[in-house]
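All remarks here apply to the structure that follows.
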Amino acid sequence: PPPRPPSEPEAAMQLMPASAVMARLRHRRPPAAGDWLAFYSSELDAIVTDPAAFVVSMDDHLVHRGHGVFDTANVVAGAVYLLDRHLDRLFRSARLARIDHAFSKEDLKRVLTALVAVTGERDDLMLRYWLSAGRGDFSVLPNSSGATFYAVVVRYDNTKARLQRGVEECTVTVPLKPPELATAKTNNYMLNALTAMAAREQGGFLGVQRHADGTLAEASIGNVAIVDSRGVLRAPPFDGILRGTTLVRAAELAAEKLVPAGVLSGVDLESSVTDEDVRTARCMFGAGGGFIYPILKLDGHDVNNGEIDDVYHALRQVVAEDMTNPELQTAVPYEDYAHPRFALPSISAAVVAAALSGVAVGIAAAAAALRRS
Numbered sequence: 013p014p015p016r017p018p019s020e021p022e023a024a025m026q027l028m029p030a031s032a033v034m035a036r037l038r039h040r041r042p043p044a045a046g047d048w049l050a051f052y053s054s055e056l057d058a059i060v061t062d063p064a065a066f067v068v069s070m071d072d073h074l075v076h077r078g079h080g081v082f083d084t085a086n087v088v089a090g091a092v093y094l095l096d097r098h099l100d101r102l103f104r105s106a107r108l109a110r111i112d113h114a115f116s117k118e119d120l121k122r123v124l125t126a127l128v129a130v131t132g133e134r135d136d137l138m139l140r141y142w143l144s145a146g147r148g149d150f151s152v153l154p155n156s157s158g159a160t161f162y163a164v165v166v167r168y169d170n171t172k173a174r175l176q177r178g179v180e181e182c183t184v185t186v187p188l189k190p191p192e193l194a195t196a197k198t199n200n201y202m203l204n205a206l207t208a209m210a211a212r213e214q215g216g217f218l219g220v221q222r223h224a225d226g227t228l229a230e231a232s233i234g235n236v237a238i239v240d241s242r243g244v245l246r247a248p249p250f251d252g253i254l255r256g257t258t259l260v261r262a263a264e265l266a267a268e269k270l271v272p273a274g275v276l277s278g279v280d281l282e283s284s285v286t287d288e289d290v291r292t293a294r295c296m297f298g299a300g301g302g303f304i305y306p307i308l309k310l311d312g313h314d315v316n317n318g319e320i321d322d323v324y325h326a327l328r329q330v331v332a333e334d335m336t337n338p339e340l341q342t343a344v345p346y347e348d349y350a351h352p353r354f355a356l357p358s359i360s361a362a363v364v365a366a367a368l369s370g371v372a373v374g375i376a377a378a379a380a381a382l383r384r385s
């Protein structure tokens, strides 16, 4: 049952011992937790698989100040797609957010691939990971405790087949982020959330924001693009919006494969996109999370008479095929985690509870706990 509000006179607040915390957190897990497979915390320096233990300390600047950055990556056919590019963007975002850290790209690749390996699953997964200014004293300024890193792997439909029938989209009046926030992938997603909420209230999907001159900017959690009447793939410039990894790769594939084949006549990521461009476009689409999806209507006006053009199908095909491009995949060491001691759950709730109570638990201690379990 949900906890009673503390304002009720009879609801005396309970003082809970640390030993009971895990049981309560496990009882409060949301239904979606069944798709949360594994979690890494640099505070534990270990992987846990009980969703009740997927926790971040309240004093972490990621939580109480939003001073953190994040990124994602798809897991397809037992490998992580475009991980190097996503980590490059994570580190760029961290520089913009002035987060000092000692993590190398190889450090994070080792953690993230191990996180996937522990699950034993090879398809339809998404990695999500955060780099924070670190724990401290609830001040607005970071202190010397050091940056923290968290990651989770969840089940995720990498094809988004249900969206391939097309969506309706609408412009929202939520303001764009300032460029300092828009061009970094920060944990501050208040405006993104408000954009998506406003869109759903108006019958849209994720919402489309515009620049001050009325030209298209971006969606709440992705980019938007068109193939114009001349057959040119076009998207708004990235100077005031996030440089989406999915859109950039789609544009590269379009230039490498579809332009030489005559399917497209060009690629332009430098020119503004106007309403007139959308009205006369052969297709409009959203891009993000490793996939693209068709937008059939914007603000009540059909795009290409509300039909999906063949050029969209061609673009979607090359994007989907690229997910198994060996040159862009990072291998996952499943064989290193095939021993029975790595069967889920990875470390016991007792170990996690001890760590959350202030006991330092490292990889060696976690391994010892596994051997005893």
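Just so it is clear: in the sequence shown, position 142 is 154 by the working numbering, and no numbers are missing.
Built from N, CA and C at the ideal position, the CB exists for glycine as well.
Just so it is clear, the structure is predicted and the values come from calculations on it, not from any experiment.
Start and end residues, beta strand (DSSP E) containing residue i
i, result
"E181", "V179 to E181"
"N221", "A small correction: the amino acid at residue 221 is Gln; Asn does not occupy that position in the sequence shown. First-last of the beta strand (DSSP E) with Q221: V220 to R222."
"R167", "T160 to R167"
"N170", "From DSSP, N170 is part of no beta strand (DSSP E); its letter is neither H nor E."
"A280", "According to the sequence shown, residue 280 is Asp rather than Ala. From DSSP, the beta strand (DSSP E) with D280 extends over G278 to D280."
"Y305", "F303 to L310"
Residue environment, residue i, which counts as buried when at least 16 other CB atoms sit within 10 Å
i, result
"R122", "exposed"
"A58", "buried"
"N317", "exposed"
"L27", "exposed"
"I359", "Unreliable placement is indicated for I359, whose pLDDT of 48 sits below 50; the coordinate value is still reported in the next sentence. Looking at its Cβ environment, which holds 16 or more other Cβ atoms inside 10 Å, I359 is buried."
"N86", "buried"
"Q221", "buried"
"G148", "buried"
"A205", "exposed"
"L327", "buried"
"G226", "exposed"
"V371", "Confidence is the limiting factor: at V371 the pLDDT is only 36, short of 50, which leaves the residue's position unreliable, though a coordinate-based value still follows. Exposed, because fewer than 16 other Cβ atoms sit within 10 Å of the Cβ of V371."
"R107", "exposed"
"G256", "buried"
"V152", "exposed"
"P154", "buried"
"I375", "Because the pLDDT of I375 is 42, which lies under 50, any placement of that residue in the model is unreliable, and the question is left without a value."
"R101", "buried"
"F66", "buried"
"G46", "exposed"
Beta-carbon proximity check, residue i vs residue j, cutoff 8 Å
i, j, result
"L245", "V279", "yes"
"A262", "V81", "no"
"Q341", "Y93", "yes"
"E264", "G216", "no"
"V275", "V331", "no"
"I111", "A194", "no"
"S277", "G243", "yes"
"L49", "T131", "yes"
"I238", "C295", "yes"
"I307", "G178", "yes"
"P63", "R36", "no"
"Y162", "S53", "yes"
"Y346", "A126", "no"
"D72", "T185", "no"
"H79", "M70", "no"
"L124", "L95", "yes"
"M335", "G302", "yes"
"H113", "L143", "yes"
"D135", "A91", "no"
First and last residue of the uninterrupted alpha helix (DSSP H) at residue i
i, result
"T125", "K117 to T131"
"A266", "Unbroken run through A266: none, as it is neither H nor E."
"N235", "N235 -> not in any alpha helix (DSSP H); beta strand (DSSP E) instead, spanning N235 to V239."
"F250", "Element bounds for F250: n/a, residue is neither H nor E."
"T342", "Here T342 belongs to no alpha helix (DSSP H); instead the beta strand (DSSP E) covers Q341 to A343."
"L206", "M202 to E213"
"L37", "A30 to H39"
Integer-rounded CB distance, given that residue j should sit under 8 Å from residue i
i, j, result
"V285", "P248", "6 Å"
"R291", "H313", "6 Å"
Proximity test, residue i beta-carbon vs the ligand SAH heavy atom, cut-off 7 Å
i, result
"G252", "Of ligands this structure carries none, so the ligand SAH is not represented either."
The segment 168–175 / the segment 224–232 touching (three or more Cβ pairs under 8 Å): no
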